[in-house]
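Participant: Here you go, one structure.
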Amino acid sequence: MTLTVVDLITADHRDVEALFEKLRTQPENRPALLAELAAKFVAHARAEETEVYPELAKAAPGERGEVHHGVEEHHEAEELLAQLMGVDPDRAEFLTVLERLVKAVGHHVEEEESEILPALTKALSDDRLVRLGRVFSRAKAGELERPPKPKGRMKEELVEQAKEKGVDGYSSMTKEELVAALDA
Numbered sequence: 001m002t003l004t005v006v007d008l009i010t011a012d013h014r015d016v017e018a019l020f021e022k023l024r025t026q027p028e029n030r031p032a033l034l035a036e037l038a039a040k041f042v043a044h045a046r047a048e049e050t051e052v053y054p055e056l057a058k059a060a061p062g063e064r065g066e067v068h069h070g071v072e073e074h075h076e077a078e079e080l081l082a083q084l085m086g087v088d089p090d091r092a093e094f095l096t097v098l099e100r101l102v103k104a105v106g107h108h109v110e111e112e113e114s115e116i117l118p119a120l121t122k123a124l125s126d127d128r129l130v131r132l133g134r135v136f137s138r139a140k141a142g143e144l145e146r147p148p149k150p151k152g153r154m155k156e157e158l159v160e161q162a163k164e165k166g167v168d169g170y171s172s173m174t175k176e177e178l179v180a181a182l183d184a
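Residue numbers (the UniProt record's numbering): 1 to 184.
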């Protein structure tokens, strides 16, 4: 059976949900899991935004509002992902930020699977959905070849900036403390 873009997007959603569960239950593996989540999430979002959403907006102009909303939700989730990447995985705060990310992504997935993907299925032929699946997959692969850059400043970036600026105690600061020290 040939997979459509809808099949591929839905499979990605299940993959991210499984990663969320592992992040909750495998604290010893959080750094690797977080890197995997960031790479996959950003690649998925970029491929949707550059390949899938424009096709839907062109084929069904009435869906432009949903497409725009989907992009906004990607950006919100990327901000939360950047926050999560800046938190020490052993701190309690990690799970708090993780749950905010899980909630935001869960909301996006629910809307996408109940509104955007059905509209896409209705607007495009089966053959076009298969071809778009190949395009989506190639776009994701291209994104995965680059390191993920979620929106927002990452903790590693902030630590380097604080080091260069001569901020005392930078190595033990949280991301929020680093931002405050750099912005002071």
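All C-beta atoms, glycine included, are put in the ideal place defined by N, C-alpha and C.
Keep in mind it's a predicted model, so treat the numbers as computed, not measured.
Count the CB pairs spanning the segment 85-97 and the segment 24-35 that are closer than 8 Å, and state whether there are at least three.
Facilitator: Yes, they touch.
Participant: For residue 60, which residues of its own chain have a beta-carbon under 6 Å away from its beta-carbon, when the five flanking residues on both sides are left out?
Facilitator: Cβ within range, chain order: 119 and 123.
Participant: Distance, Cα to Cα, residue 156 vs residue 179?
Facilitator: Cα to Cα, the separation comes out at about 12 Å.
Participant: Exposed or buried, residue 44, counting other C-beta atoms within 10 Å across all chains shown (16 or more means buried)?
Facilitator: When all chains shown are included, residue 44 counts as buried.
Participant: If we call anything under 8 Å between Cβ atoms a contact, is residue 142 one with residue 5?
Facilitator: In this structure, residue 5 does not lie closer than 8 Å to residue 142 by Cβ.
Participant: List the endpoints of the continuous alpha helix (DSSP H) containing residue 118.
Facilitator: Its alpha helix (DSSP H) spans residues 117-123.
Participant: Starting from residue 130, trace the alpha helix (DSSP H) in both directions and tell me its first and last residue.
Facilitator: Where residue 130 is concerned, the enclosing alpha helix (DSSP H) stretches over 126-144.
Participant: Please classify residue 99: is it buried, with 16 or more other beta-carbons within 10 angstroms of its beta-carbon, or exposed?
Facilitator: Residue 99 comes out exposed.
Participant: So, is residue 85 buried or exposed, given that buried needs 16 or more other C-beta atoms within 10 angstroms?
Facilitator: Burial call: buried.
Participant: Excluding the 5 residues flanking residue 12 on each side, which residues of the same chain have their C-beta closer than 6 Å to its C-beta?
Facilitator: For residue 12, where only same-chain residues beyond five positions count, the Cβ hits under 6 Å are 44.
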